[in-house]
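Peer 1: In the numbering used here, the protein residues as written are 3 to 117. Pasting a structure here, questions to come.
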């Protein structure tokens, strides 16, 4: 489907205050009044009902990543200041877990033989 030049030009415009407010409302959740029609004893009755729209997770993520970029941007690279576990520490933890598992098996076997 060919794109019209007018459509492309509108997509390049910065967001308006209205569009920003709409995204925020979706992120925060909101209430509105909707008119519903009911049939009561054969007669149509119009009733105003309060409807709640819960917060939208995707809109929350979008809002936070754009308004608080430094805090909410997904990072593809590890933080150089993060001193996470080393390979050696992970291997040592795996070895401790293996030993504990073996000890648990031995205790279970000993208890089975005592019965």
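The C-beta atom is built at its ideal place from N, Cα and C for all residues, glycine as well.
Return the CA-CA distance between residue 27 and residue 74, expressed in angstroms with no decimal places.
Peer 2: Counted from its first residue, the chain shown places residue 27 at position 25. Counted from its first residue, the chain shown places residue 74 at position 72. Roughly 19 Å between the two C-alpha positions.
Peer 1: Does the contact criterion of 3 or more C-beta pairs under 8 Å hold for the region 21 to 39 versus the region 50 to 69?
Peer 2: Short answer: they touch.
Peer 1: Kindly provide the ranges of any alpha helix (DSSP H) runs that are 4 or more residues long and lie completely inside the region 81 to 117, ordered along the chain.
Peer 2: Taken in chain order, the whole alpha helix (DSSP H) runs of length 4 or more contained in the region 81 to 117 are 89 to 116.
Peer 1: Output the distance between the C-alpha atoms of residue 98 and residue 64, rounded to the nearest integer angstrom.
Peer 2: Translated into the one-based positions of the chain shown, residue 98 becomes position 96. Translated into the one-based positions of the chain shown, residue 64 becomes position 62. Near 43 Å, if we compare the C-alpha coordinates of residue 64 and residue 98.
Peer 1: Let's see if you can read the secondary structure: which residues bound the alpha helix (DSSP H) around residue 30?
Peer 2: For the purposes of this step, residue 30 is identified with residue 28 of the chain shown, where counting begins at 1. Looking at the DSSP string, the run of the alpha helix (DSSP H) that includes residue 30 is 19 to 30.
Peer 1: Could you check whether residue 52 and residue 33 sit closer than 8 Å to each other, using their CB atoms as the reference points?
Peer 2: Taking the chain shown and counting its residues from 1, one reaches residue 33 at position 31. Taking the chain shown and counting its residues from 1, one reaches residue 52 at position 50. In contact: residue 33 and residue 52 (Cβ atoms closer than 8 Å).
Peer 1: I need the boundaries of the alpha helix (DSSP H) containing residue 73, first residue and last residue.
Peer 2: Sequence index remark: in the chain shown, residue 73 carries index 71 (1-based). From DSSP, the alpha helix (DSSP H) with residue 73 extends over 71 to 74.
Peer 1: Could you tell me which residues DSSP pairs with residue 55 in its beta bridges?
Peer 2: Along the chain shown, read from residue 1 onward, the residue named residue 55 stands at position 53. Looking at the DSSP assignment, residue 55 forms a beta bridge with 32.
Peer 1: Opposite residue 63 in the DSSP bridges: which residues?
Peer 2: Here residue 63 is taken as the residue at index 61 of the chain shown, counted from 1. In DSSP, residue 63 forms no bridge with anything.
Peer 1: Looking at residue 39 and residue 50, is the spacing between their C-beta atoms short of 8 Å?
Peer 2: Indexing the chain shown from 1 puts residue 50 at position 48. Indexing the chain shown from 1 puts residue 39 at position 37. It is not a contact, given that the beta carbons lie outside the stated cut-off.
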